[in-house]
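Residue numbers (this note's numbering), protein chains in the order written: chain A, 1 to 483; chain B, 484 to 578. Virtual Cβ for every residue (Gly too), placed ideally from N, Cα, C. Values in this document were obtained by computation on a predicted structure and should not be read as measured data.
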Amino acid sequence: MAQMIKGKTGEWEIVVGMEIHAQVIANSKLFSGASTAFGASPNSQVSMVDAAMPGMLPVLNKKCVEQAIRTGLGLNAQINKHSVFARKNYFYPDLPQGYQISQFEHPIIGTGTIEIDLPDGSSKNIGITRLHLEQDAGKSIHDQHPSKSYVDLNRSGCALMEIVSEPDIRGAEEATAYISKIRMILRYLETCDGNMDEGSMRADVNVSMRKPGDELGTRAEIKNVNSVKAVQQAIEYESRRQIDLLENGGTVDQETRLWDPDKMETRSMRSKEEAHDYRYFPDPDLLPLDVSQDWIDEIKKTLPELPDEKKHRFIKELGLSTYDASILISDRQRADYYEEVTEGRDSKMAANWIINELLGILNKNGKTIIDSPISTKQLGGLIDLIANETISGKIAKEVFVEMFISGKNAAVIVEEKGLKQVTDTGAIESLIDKVIAENPDNVAAYKAGKDKLFGFFVGQVMKKSQGKANPAAVNKLLKEKLS
Amino acid sequence: MSLSKEEVKKVAGLARLRMNDEEMERLAPQLSNIIGFIEQLSELDTDNVEPLANVVDITLPLREDVVSDGNCGEEILANSQDANQGYFVVPKVIE
């Protein structure tokens, strides 16, 4: 469902491609033994290699290669057994080497494909062009001094995976679904923590416009798009800007633009333009990287069930809707929680309790499923009480809130508060008799054909039982008594 | 192939080398000579030749993922022109 935008001259199609930089989870850097831990004091995690001292040689970290292959497998992508590191040359104070070691013509991962989940419950495939390994740069701080910048090289040399998509994305909605799915896959694989706030995942967004069926238009590359929300806002702003240009006789420049989250606009980064001549060449300090099929197979064996596989299993084997399945798989802990609760129980009921009740109350309390005060065993216990008709679904919601606050088991709360459902027909019958005796006018009206009053009687009986009467039994007995 | 002064200027800019007109006039023919020398290689037909990365038959060595370096901030900063509170200090660079 491509997102179209109406302009003065008709409909426009938004075409988006994305480059995602994901920090690789590893203890040490891509080419040196310095630590990658976040938040250390400035320049304390810098080796002579990272500082680009003369004569230092890079030595490749095996774990980072493994993580790239793992991610490639998770993106259903081609693993290139032969890849080459190249130097990308440019000058910047946070890049002591004067070049970034990256991969250019021969990346470690080739084409792949992932499935994105859209809000209307449908799915779509997005092509992956490539994934390559490269060094991260250091960090500059600009607010410490009026005329100076401060540079910390702790991040310099940490491993990044750059994941490039095909221009298959149509509009902001698909773009946010794409970045969310990539983050989900990386987290399942444990190859990147996906934490956009700390900068461990960053995105560049390429946007162009075309009339449906036309060739691709000229694109602008937007940098500094560092949250899922910013992806959406930047695309919405940029597509409008380009349509305005094109419809007023102008052209889109192929250029780099910066997303400004405060002003909610993109603006040209002129300085980047002249620097775009990177003069890539194979790094003479590093031989080509050759990986064996055996190693790839070994890594394949350790892959977890991936989000899309899990989603399809939940839909096919457990009978969940696409929407419910997409919500449950969105993080691995949530999916694990669901699987523990649903074991031996009704799969849809378990899904409903987690999606409608648990996630809601967790969200309201600023918690995630990992710190849920209700364990999987406890939620299972509550569902069992509903299934064996000890309590009604309505009472169960009360018990659930109490469980969330007190951490007690459902059975204990039901016992303490005397919430057991009344299924004893004799007891229910006597309540019905009382209600009939108290409402002679309504009884007469009902018998005269006012069917709608049935609900009123059910309500009165339930009220008298303090919600504890079994609703099915109440319905059945009432019908008999009123006929 | 001979390089124009403009091209020399561009290459110098990319390499962050400041040079005056006179130097560029002098360097243009020298650089042209180097390029001419290298261009001789393209006379050879390499269509079916595998690229050679190294003349010795070794593979790229890999390192285990162990923290074995760092914690030498003072030495790292020792050669810098300006440092403060553990940071390198450089002229302001911001858009």
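Q. At which residues does the beta strand (DSSP E) containing residue 134(A) begin and terminate?
A. The residue given as residue 134(A) occupies position 134 in the first sequence. Unbroken beta strand (DSSP E) run through residue 134(A): 123–135.
(Q) How far does the beta strand (DSSP E) with residue 201(A) in it extend, from its first residue to its last? (A) The residue you call residue 201(A) lines up with position 201 of the first sequence. DSSP places residue 201(A) inside the beta strand (DSSP E), whose first and last residues are 201–210.
Q: Would you list, in chain order, the members of the segment 182–200 of chain A that have their beta-carbon closer than 7 angstroms to a beta-carbon of chain B?
A: Those would be none; no residue qualifies.
Q: Would you check if the distance between the CB atom of residue 154(A) and the CB atom of residue 560(B) is smaller than 8 angstroms?
A: Within the first sequence, numbered from 1, the residue matching residue 154(A) stands at position 154. Within the second sequence, numbered from 1, the residue matching residue 560(B) stands at position 77. Not closer than 8 angstroms, so no.
**Q.** Cβ shell of residue 477(A) (< 7 angstroms), same chain only, five flanking positions each side left out
**A.** Taking the first residue of the first sequence as position 1, residue 477(A) is located at position 477. Around residue 477(A): 425, 428, 429, 432.
Q | Unbroken alpha helix (DSSP H) run spanning residue 21(A), endpoints | A | Start at 1 with the first residue of the first sequence, and residue 21(A) comes out as number 21. Note, residue 21(A): premise wrong, no alpha helix (DSSP H); beta strand (DSSP E) at 10–23.
Q. Roughly how many angstroms separate the alpha carbons of residue 353(A) and residue 195(A), rounded to a whole number?
A. Within the first sequence, residue 353(A) is the residue found at index 353, counting from 1. Within the first sequence, residue 195(A) is the residue found at index 195, counting from 1. Answer to the nearest angstrom: the Cα atoms are 28 angstroms apart.
Q.
To test your reading of the DSSP string, which unbroken alpha helix (DSSP H) runs of 4 or more residues are found completely within the segment 265–325 of chain A?
A. You should have 270–274, 293–301, 307–318.
Q: Residues of the segment 525–551 of chain B with a CB closer than 9 angstroms to any CB of chain A: list them in chain order, please.
A: Cβ contacts with chain A come from 534, 536, 537, 541, 542, 543, 544, 545, 546, 547, 548, 549, 550, 551.
Q.
Here's the rule I'm using: 16 or more other beta-carbon atoms within 10 Å means buried, otherwise exposed. How should residue 517(B) be labelled?
A. Taking the first residue of the second sequence as position 1, residue 517(B) is located at position 34. Under this definition residue 517(B) is an exposed residue.
Q | Beta-carbon contacts of residue 121(A) that lie in its chain and below 7 angstroms, excluding the five residues immediately before and after | A | Here the question's residue 121(A) lines up with position 121 in the first sequence. Correct list, in chain order: 322, 323.
Q. Can the beta-carbon of residue 160(A) be found less than 8 angstroms from the beta-carbon of residue 134(A)?
A. By one-based count along the first sequence, residue 160(A) stands at place 160. By one-based count along the first sequence, residue 134(A) stands at place 134. With a cutoff of 8 angstroms on beta-carbon distance, residue 160(A) and residue 134(A) are scored as near each other.
Q.
Extract the residue ranges of the beta strand (DSSP E) inside the segment 50–100 of chain A, only unbroken runs of 3 or more that lie entirely within it.
A. Here the runs fully enclosed are 85–89.
(Q) Which residues in chain B have a C-beta closer than 8 angstroms to the C-beta of residue 27(A)? List them in chain order. (A) In the first sequence, counting from the first residue as 1, residue 27(A) sits at position 27. Within 8 angstroms Cβ-Cβ: 548, 549, 550.
Q) How about the segment 161–168 of chain A and the segment 43–60 of chain A: do they share at least three Cβ pairs that are nearer than 8 angstroms? A) Contact annotation: the segment 161–168 of chain A does not touch the segment 43–60 of chain A, with fewer than three C-beta pairs closer than 8 angstroms.
Q) Closest to residue 368(A) by CA distance: which of 330(A), 349(A), 381(A) is it? A) Walking along the first sequence from the start, residue 368(A) turns up at place 368. Per the Cα distances, 330(A).
Q. Do we get a CB-CB distance below 8 angstroms when we pair residue 517(B) with the residues of chain A?
A. If you number the second sequence from 1, residue 517(B) lands on position 34. By this cut-off, residue 517(B) is not an interface position.
Q | Residues near residue 258(A) in its chain [Cβ-Cβ closer than 7 angstroms; skip 5 each side] | A | The sequence position of residue 258(A) within the first sequence is 258, counting from 1. Annotation for residue 258(A): 223, 224, 266, 267, 269 place their beta carbon closer than 7 angstroms to its own, counting only its chain and skipping 5 residues before and after.
Q: Return the bridge partner residues of residue 259(A) from the DSSP annotation.
A: Reading the first sequence from its first residue, position 259 is the one you call residue 259(A). The bridge partners DSSP lists for residue 259(A) are 266(A).
Q: Using the DSSP secondary-structure output, state which residues sit across from residue 164(A) in a beta bridge.
A: Taking the first residue of the first sequence as position 1, residue 164(A) is located at position 164. BP columns for residue 164(A) point to 19(A), 130(A).
Q) What residues from chain A crowd round residue 577(B), counting only those whose CB sits closer than 9 angstroms? A) Here residue 577(B) refers to the residue found at position 94 of the second sequence. Result: 140, 142, 149.
Q: Tell whether a beta-carbon distance below 8 angstroms holds between residue 87(A) and residue 283(A).
A: Indexing the first sequence from 1 puts residue 87(A) at position 87. Indexing the first sequence from 1 puts residue 283(A) at position 283. Cβ distance < 8 angstroms, so residue 87(A) and residue 283(A) count as in contact.
Q: Report the residue from 48(A), 334(A), 137(A), 419(A) whose alpha carbon sits nearest the alpha carbon of residue 355(A).
A: As a first step, residue 355(A) is located in the first sequence; it is residue number 355 there, counting from the start. Just measuring C-alpha positions, the residue of 48(A), 334(A), 137(A), 419(A) sitting nearest residue 355(A) is 334(A).
Q | Status (buried if at least 16 other CB within 10 Å, exposed otherwise) for residue 132(A) | A | Here the question's residue 132(A) lines up with position 132 in the first sequence. Its Cβ being crowded by 16 or more others within 10 Å, residue 132(A) is buried.
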